[in-house]
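Be aware that the sequence shown starts at 1, since it is given in the UniProt record's numbering, and climbs by one per residue. Backbone N, C-alpha and C define an ideal beta-carbon position, used for all residues, glycine too. Please read these numbers as outputs of a predicted model, since none were measured by experiment.
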Amino acid sequence: MEYLEISQHDDFRALEIYKSYCETFPADEQRSEKQFRGLFMNPKVKVYSVLRELENIGYLICWEMTDFVFLEHFEIFSEFRSKKYGSEILADLFKKYLHIVLEAEPSDLDEDAKRRISFYEQNGFNIIDENYVQPPYDAGKHALNLWLLANWKPEKTDWIKEEIYDVVYR
């Protein structure tokens with residue numbers, strides 16, 4: 001697996017990422033195109049194209065916070081799913097980052113959400129907050145009740161949520 005950091009919003013890989021991002025994630029979980037382009041100018045954000053044998057198979061959008069990395073979006077493109085690539089990518093992230101945090105839909109939402117939570121738990125994540133609310137990306141979108149997961153067990157989550165709210169959703 002190779003991780004190519006994309007630094008320009010008009011890179012063909014960034015365009016492919018945004019297209020899939022819009023098709024995969026619900027509208028309330030998406031940034032606008034303008035907001036997405038802005039990620040490439042933010043020094044805290046790393047957008048990675050995930051390559052396997054020189055083929056783009058997915059992407060990661062990571063925020064490097066004070067004491068953890070926030071994995072805002074993680075997707076394996078549909079034609080490459082169910083091949084254990086997601087587990088391999090998470091294992092690689094664990095080698096690079098000591099503390100990783102991500103949001104996920106509650107497992108009781110539907111079967112896909114249940115499978116996603118199970119996948120993260122099987123790959124070293126724990127639910128650290130079941131009362132987390134993802135703020136809306138903009139005025140036309142809704143806040144979402146999500147779960148916060150991490151690859152370690154912090155004693156408190158207030159500081160994590162506060163930094164995510166202040167940095168990612170401001």
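Identity of the residue in Leu51, Ile160, Pro26 nearest Arg13 by Cα = Leu51
List the endpoints of the continuous alpha helix (DSSP H) containing Lys95.
-> Lys95 -> alpha helix (DSSP H) spans 85-96.
Would you call His73 buried or exposed, if buried means 16 or more other Cβ atoms sit within 10 Å of its Cβ?
-> buried
For Val168, three-class secondary structure by DSSP = coil
Which residues share a DSSP beta bridge with Ile128?
-> Looking at the DSSP assignment, Ile128 forms no beta bridge with any residue, so it has no partner.
Around the C-beta of Ala27, are 16 or more other C-beta atoms found within 10 angstroms, so that it is buried, or is it exposed?
-> Taking a 10 Å sphere around the C-beta of Ala27, we find fewer than 16 other C-beta atoms and assign the residue as exposed.
Where does Trp63 land, buried or exposed, given buried means 16+ other C-beta within 10 angstroms?
-> buried
Of all the options Phe70, Glu55, Met65, which has the alpha carbon lying nearest to the alpha carbon of Ile76?
-> By alpha-carbon distance to Ile76, the top candidate from Phe70, Glu55, Met65 is Glu55.
For Asn123, the nearest candidate out of Pro135, Glu53, Glu103, Gly86 (CA to CA) | Gly86
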